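Chemist:
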Amino acid sequence: MIKYIFFLIFILANPVFSQENTLSTDESEQNLKKLKLYFLHYDITRSPEDIKSFDQLQLEIAEYLFPIENLLIEKEKKLIKPQRFKSLPLLLTEEELASFSDELFKKAIQREKPKQVKSEEKQQKAIQLGFEEWETKILLTGGVSFRAGYGFIWKDPAYTSSFPGINFGLNLDQKMRVNVLGKVGERVSINIDHNSESPDNTYEIAFKALEKDRGILRELRVGNVELNIPQSSYFIKYQGTSKDNYGVKSVLKYEDLENQTVINLIKSKKGYKRFVGNKKLVTTEIMDISYVKRKYFVLPDTQIDSQSLLLYISTSEPALAEKVIDGKYFKKLKEGTEYYLNASTGELYLAQTLSRNSDLVVRYTHHGGNFISTNFTDIIGYDEALNSYLYLWKTDKPFSRFVHYGYYSLPYKNFVPSYGFNITVVYTYNKTLKADFQFNQGDFILYPSDGLLVFRNKTPFPDTAGKIYSNFSDPSTSDSIYTMQISFYIEVTTYQLDFNVIPGTERVYINGRLLSNSEYRLIPSLGEIYFNNPSIINENDVIEIYYEYKPFFAGSQKLSIGNRLDYKPNKIINLGSTMVYSIMQRDIGAPQIEMTPDSLFMGDIDGVLNLSRLFGISEDFNIQLKGEYAISYYDPNTYDYAIIDDFENIGETFNFSKNESEWILCSPATNIEGIRYDNRGKLLYKDYRTDNWDGSVTPLNYYVELPPEKILDYSFKPGPYVALGGHLNPALYPNLSQTSLIFDFDFRSGGEWVGAVQSVADGPAGINLQDYNEITLWAKLQSDFDGNNIYEDNGNAEVELYIALGQFNEDSDGDGVFDYEKSSTDPGYDFNSFLNKSIVETRVGRDRKGGGDGKIQSEDLNKNGVLDTNENLIVIPGKFVTTDISNLTISQGEWKKFTINIKALTPEQINILNRVTSLGIFIKKKNGDKGRVLIDKLEFKKVSWREKRIDGIRYDESQRFLATMVSALTDPLYSSKRFYLHNPQNENEKERLETFEKLHGYKSDVEAMQYDERSLYIRYELTNTPLSDTNLNKDNGTSGIIYKRTTKAYNLSLYSTLNFYFYILERDENNILIKDSNDTYEGENLLLIAGNSENSYYRWKIPLKNVEREKWQKVIIDTKTLKLRIKDTSIEVSPEFYGEPNTRNIYYIAIGVENTNYNEPVNRGAIWINEMYAYLDRGYFGSAYYTEGVMEYKKPLFTLFDYEILGPFSVKSSYENRNLNFVSSMENISPETFYKNFLTTFNSSMFKNLT
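Quick note: the sequence shown uses my numbering, first residue 1, plus one each step.
#1: Quick one, are the C-beta atoms of Ile-643 and Gln-592 less than 7 Å apart?
#2: Can you say whether Leu-129 is buried or exposed, counting buried as having 16 or more other CB atoms within 10 angstroms of its CB?
#3: Tell me Thr-899's beta-bridge partners as DSSP assigns them.
#4: In three-state DSSP terms, what is His-367?
#5: Kindly indicate which residue of Gln-485, Glu-1066, Tyr-721, Thr-1080 has the alpha-carbon position closest to the one of Asp-288.
#6: Could you tell me which whole alpha helix (DSSP H) segments of length 4 or greater appear in the region 1115-1163?
#7: Of the choices Asn-430, Asn-422, Asp-450, Tyr-447, whose alpha-carbon is the least far from that of Gln-438?
#8: Which runs of the alpha helix (DSSP H), 4 residues or longer, sit entirely within the region 1063-1087?
#9: Quick check on Glu-121: buried or exposed, where buried means 16 or more other Cβ atoms within 10 Å of its Cβ?
#10: So, with DSSP's three-state summary, where would you put Lys-1236?
#11: Rounding to the nearest angstrom, what Cα-Cα distance links Leu-1276 and Asn-1059 in this structure?
#12: Look at the alpha carbon of Asp-678 and the alpha carbon of Leu-938, and state the distance between them as a whole number of angstroms.
#13: By how many angstroms is the C-alpha of Glu-594 removed from the C-alpha of Val-1153?
#14: Using a 10 Å radius around the Cβ and a threshold of 16 neighbouring Cβ atoms, would you call Glu-548 buried or exposed?
#15: Take every Cβ of the region 1072-1084, pair it with every Cβ of the region 1137-1157, and state whether three or more of those distances are shorter than 8 Å.
#16: Measuring only the C-alpha atoms, how far is Thr-1185 from Gly-576?
#17: Within 10 angstroms of the Cβ of Ser-1134, are there 16 or more other Cβ atoms? Answer buried if so, exposed if not.
#18: For Gly-607, does the three-state DSSP call read helix, strand or coil?
#19: Look at the alpha carbon of Leu-139 and the alpha carbon of Ser-189, and state the distance between them as a whole number of angstroms.
#20: Note down, in chain order, each residue of its chain lying with its Cβ closer than 8 Å to the Cβ of Asp-929, except the 5 sequence neighbours on either side.
#21: Quick one: Cα of Thr-1187 to Cα of Ser-1244, how far?
#22: Could you pull out every residue in the same chain whose Cβ sits closer than 6 Å to the Cβ of Ile-711, ignoring the five residues on either side in sequence?
#23: Which residue spans inside the region 691-768 form an unbroken beta strand (DSSP E) run of at least 3?
#24: Whose CA, out of Thr-377, Gly-755, Ile-1072, lies closest to the CA of Ser-812?
#25: Quick check for students: name the residue ranges of the alpha helix (DSSP H) that lie wholly in the region 997-1025, counting only runs of 4 or more.
#26: Based on the DSSP output, what are the partners of Trp-1112 in its beta bridges?
#27: Please go through the same chain and pick out, in chain order, the residues whose beta-carbon is closer than 6 Å to the beta-carbon of Lys-948, but skip the five residues on each side of it.
#28: If you run the structure through DSSP and keep just helix, strand and coil, what is Glu-648?
#29: Who are the near neighbours of Val-180 in its chain, counting only those whose CB is closer than 6 Å to its CB and skipping five residues on each side?
#30: Strictly by DSSP, which residues pair up with Ile-304?
#31: Glu-908 lies in the beta strand (DSSP E); which residues open and close that run?
#32: Any contact between the region 1206-1223 and the region 1235-1244? By contact I mean 3 or more CB pairs, one from each, below 8 Å.
#33: To the nearest angstrom, how far is the alpha carbon of Gly-512 from that of Tyr-1063?
#34: What did DSSP end up calling Ser-1245 once you bin it into helix, strand or coil?
#35: Please return the same chain residues whose Cβ sits closer than 7 Å to the Cβ of Leu-331, not counting the five positions on each side in sequence.
#36: Touch check for the region 219-233 and the region 559-571: three-plus C-beta pairs under 8 Å?
Here's what the structure looks like:
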């Protein structure tokens, strides 16, 4: 039966039997009758008269051979029922077949009749969209889950714990799942499977031409599906697309020519998250107009008499009215449920925001019966009994002086302000431009548990145009003038990145250590990272995560194109070509040298020649020749510039707080000799502020003579206090605002010391300061021997200053009682006399005007809720602490700078710095009974160039060579001489501007002004006595070097030059010469080292005596000749070689200074280093060729009695030649390899059938 069916197919498909052939009418009719007879053998129910024409006959045969089956579910009845017969007619002759055509036969095969589509019960619930009733069906299923809620919490600020399960504000949660499956016509298919909770989603649309379509486009697929081209090339391998990326594939075909193309588009953005332990740094923006509207009020009086206050709100319902005031109905609000009052401060806040169209009036007495204090009659109203009321809000006025406009809700609660809370005010219209005023820490109060930012000033923002506070309607976004950019830390339970992280792009660091991917688990779709061993995360560990992710509508990150062209004119020869191109997207500015945007082109021509078919040799014998020629071009950096270190992220700083409310009196440190509870002096307070009429204050400079009312008695409020002024000369820096924290001491009553402490932690774990390199302190002593509160700079007064770090004894007054305030409005807590505990010496936490200072003050420094009296401190300097500085004696006179090397501490002492909860400052009497110490800066610094060597010996404790950082925004001297100047005035500045913009991109005037440029700052004080590894004398050292190491080698051979800039300073920030007359630059060299290992490196020496000072100098090193030169000078040096170094695998860079002048005992200096980069990468062109000959015999060579003795065989010989720079794969780029290979193989079998 089967062979007859194939025979009929051959008959009907053969073009010689076309109806258009020129046969006579009689011949056609005769052939038709014969075919009728043949056909009737298959269906005895039909008569010859039922078949009228060739068309009908061929359609009937086609439907019999290819019956139309059911489309989906229901089975169709076949048009003709096949029958089986024992005997069949004879086959037609060739002449008889000549009258048939295959056209109608093809049409019959391609014809499809519409069928009814029936769905299963589960599918019937889905939405069916029919674009064309019978040939297009789209099946859409899915669902959206949306949940919304609003949470509200009110509690006393003194209650620090949060309420679990309640989130303040609007809470939204949305989940979506969509599945689209279907066909549009016969050629287009759709497959979309999206689940917001699933890591794997599919999006695909495909077009596939039908056999009958005559166009050259045969296939087109788009989506995040796996796509590839035929891997026909020997050299060139293309990985295609994966489900993680988006791709397009097209197939074009014209006769014997076929072309397949795949375009792979990776869309991603770079992401960065930073966490501290279980803390995460977040940044939010809040406009000036986003204050809490009409909820917080401040009465014009304090000390409100108990039960005297009556608060009424207007109502439109007379039945609810309890008062009629000025002809309007008012109802009374209930204290404790509808409003809350702080009677001592006069602060009042509502449970709900007051509508702008509602009036609010109040009536009360204060200070034992006094009525409301106000001179404004237009805001006084009267009831029917002529009792007067004060309008806190009046609907016909745009502004109320009693509304506190300084309350702002933050997007997070229970954040951690002790880790840092920074506000930068910018202009809303241009957020790159800083406002002409900024807030200090003392300008606001934080309520972390409630997520509130509260300014002390009721109208914190300037509003000269009346748009922020004085509109007759609530301000809108268009009214905003200023925006606050706020950064702070929140607690996290999981480490959340952005969604759709691209696997393999993440780099996870803990305290600078790169983790392997076996130490954590990443869920790419959710952007969550879990650590496999959470115990490795300590409370203050810094976790930094760099990654790439795919947001919606992101720009392309990487584009790759693969193309395969095949030409197969016959079975003898096949020709083809493969081309692959890949390029990475370039960001604004130069990339880091470890992650450069590269590009690669690969192309080949290949062919196969079948000699067996060419010469008509038997098919059992196969002889083929293959050949291929390929080229490649690899560009390792399409930008040409690569940053080695721009020093913008060179280090970190931790500064002590100058906010006086952060400091409280402390207990005596036991390891400071001679200080005890019973010999404490008085730490005085002075009010260096001027109160303005609008409620704001103007700070005063410390040299201003204060009136008596600004000099507060110790019993009223203790110090320290803040005033304007600092160590920088205001004549040199007239536009720079400086403040100092002042310890004003009085030892005339027999005291020997004063001290205060600041809590720096949010819990017993504290903060980690052990990785910092040094402490910088600027201090000044003034005397007041005659006690008239007029301070002198000149004299012979002296004090000793001590810095204490760690865990304090929290019982500051030694009374054994846990002292604390219950709310931020309390006027301080009692600080008792140690000798007579019934005597209150002063009140800690009292405001300068007698109220609360806005902070809940407590002796609980480590925030664990109990009074801890155990002490674990490092005191610098101290007899029990090993430091490089023996004393901090401050003498009366000018400002003095102290630098303390933290690395000089013992390991046990450094371990204490791992959990610092408090920072304290002690002033101890030495010479003089009354005076004050001004502290302008107390700063902890660390740099990423951490490894320090003195004369080749690792010695971090040495003070002879120090490396730190300087910033254009915090270091005025560097700011005045900074590398980057947006408006250059000379050729040197123009050249630096061009370099900077190549490395960092163009910046506008506003961006340039706010750019925090940083540099590496090297200070040295070298001797002519070398350091010995057997005697680490801290006073010795002829050279110092600082190292930066990398886990991934730099390949400097890819670039033409290595460049960096340096600047030699002659004077410090106080305009004092760094070198004296006995100190020259003779014999001093700036060192640069680039190495592969400890024993294999280059070292260049730049003689400083030949270099112009007070000018940025550019160093250029040719990576081929290795010669170093300084731009626009005659200086040129060659390197010293140690071991067998190369420029391909540089694992560290080092910078230092050496002194070879033995005639000068000490050589001092200061140098800035900036912008180290490589330039002008080289492209690599390579080629390769491959030949192969194959000879195969498919039958056994020798058999004996039907047993195979020697089986089929094949012989294959190949030769491969790759030149030095050829690249054959995007996944394994190694352009500097040379390869030749000749190989011959023979395959066969013997005695295959023998057991």
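We put the CB at the ideal spot given by N, CA and C, even for glycine.
What you are looking at is a predicted structure, and each value in this text was computed from that prediction instead of being measured.
Modeler: In this structure, then:
#1: On the sequence shown, residue 643 is found 643 positions in, with the first residue counted as 1. On the sequence shown, residue 592 is found 592 positions in, with the first residue counted as 1. A contact, by the Cβ cut-off of 7 Å.
#2: Your numbering for residue 129 matches position 129 in the sequence shown. Low local confidence applies: a pLDDT of 37 at Leu-129 is under 50, so the model's placement there is unreliable, with the coordinate-based value given in what follows. Flag for Leu-129 reads exposed.
#3: Residue mapping note: residue 899 aligns to position 899 of the sequence shown, counting from 1. Looking at the DSSP assignment, Thr-899 forms a beta bridge with Thr-776.
#4: Within the sequence shown, numbered from 1, the residue matching residue 367 stands at position 367. The answer is coil: DSSP assigns His-367 none of H, G, I, E or B.
#5: Taking the first residue of the sequence shown as 1, we reach residue 288 at position 288. Closest by alpha carbon: Gln-485.
#6: none
#7: Within the sequence shown, numbered from 1, the residue matching residue 438 stands at position 438. When each option's Cα is compared against that of Gln-438, the closest is Asn-422.
#8: none
#9: As a working mapping, residue 121 is identified with position 121 in the sequence shown. Below a pLDDT of 50, predicted positions are generally treated as unreliable, and Glu-121, at 47, falls in that range; no measurement from the model is reported.
#10: Here residue 1236 is taken as the residue at index 1236 of the sequence shown, counted from 1. Looking at Lys-1236 - three-state DSSP - the assignment turns out to be strand.
#11: The structure shown has nothing for residue 1276, since the chain only spans 1 to 1251.
#12: Here residue 678 refers to the residue found at position 678 of the sequence shown. Here residue 938 refers to the residue found at position 938 of the sequence shown. Answer to the nearest angstrom: the Cα atoms are 28 Å apart.
#13: As a first step, residue 1153 must be located in the sequence shown, where it is residue number 1153. As a first step, residue 594 must be located in the sequence shown, where it is residue number 594. When rounded, the distance between both Cα atoms is 27 Å.
#14: In the sequence shown, counting from the first residue as 1, residue 548 sits at position 548. With 16 or more other Cβ atoms within 10 Å, it is buried.
#15: yes
#16: To locate residue 1185, count along the sequence shown from 1; it is residue 1185. To locate residue 576, count along the sequence shown from 1; it is residue 576. One point to set straight first is that residue 1185 is Tyr, not Thr, in the sequence displayed. Distance between the alpha carbons of Tyr-1185 and Gly-576 is about 15 Å.
#17: Here residue 1134 refers to the residue found at position 1134 when the sequence shown is read from its first residue. Exposed.
#18: Locating residue 607 in the sequence shown gives position 607, counting from the first residue. Strand, per DSSP.
#19: Looking up residue 139 in the sequence shown gives position 139. Looking up residue 189 in the sequence shown gives position 189. Spanning the two alpha carbons is a distance of roughly 11 Å.
#20: One-based indexing of the sequence shown puts residue 929 at position 929. Closer than 8 Å at Cβ, skipping near neighbours: Asp-746, Phe-747, Arg-748, Phe-785.
#21: Translated into positions along the sequence shown, residue 1187 becomes position 1187. Translated into positions along the sequence shown, residue 1244 becomes position 1244. Approximately 22 Å between the Cα atoms of the pair.
#22: Here residue 711 corresponds to residue number 711 of the sequence shown, with the count starting at 1. Answer for Ile-711: Lys-686, Asn-789, listed in chain order.
#23: 697-699, 721-724, 739-746, 753-759
#24: As a first step, residue 812 must be located in the sequence shown, where it is residue number 812. Taking only the C-alpha atoms, the option nearest Ser-812 is Gly-755.
#25: 1005-1010
#26: Translated into positions along the sequence shown, residue 1112 becomes position 1112. Partner(s): Tyr-1063.
#27: As a position in the sequence shown, residue 948 is number 948, starting the count at 1. The residues are Asp-956, Ile-1042.
#28: Translated into the one-based positions of the sequence shown, residue 648 becomes position 648. If DSSP states are grouped into helix, strand and coil, Glu-648 belongs with coil.
#29: On the sequence shown, position 180 is the one that residue 180 refers to. Taken in chain order, the residues that qualify are Leu-140, Ile-190, Ile-192.
#30: Translated into the one-based positions of the sequence shown, residue 304 becomes position 304. Note: Ile-304 sits in a beta bridge opposite His-366.
#31: To locate residue 908, count along the sequence shown from 1; it is residue 908. First-last for Glu-908: 907-912, but that is the alpha helix (DSSP H), not the beta strand (DSSP E).
#32: yes
#33: Against the sequence shown, residue 512 aligns to sequence position 512. Against the sequence shown, residue 1063 aligns to sequence position 1063. Roughly 29 Å between the two C-alpha positions.
#34: The count along the sequence shown starts at 1 and reaches residue 1245 at position 1245. Coil.
#35: As a working mapping, residue 331 is identified with position 331 in the sequence shown. In the sequence on display, residue 331 carries Lys and not Leu. If we look at Lys-331 and ignore the five residues flanking it on each side, its Cβ neighbours are Tyr-312, Ile-313, Thr-315, Leu-320, Ala-321, Glu-322.
#36: yes
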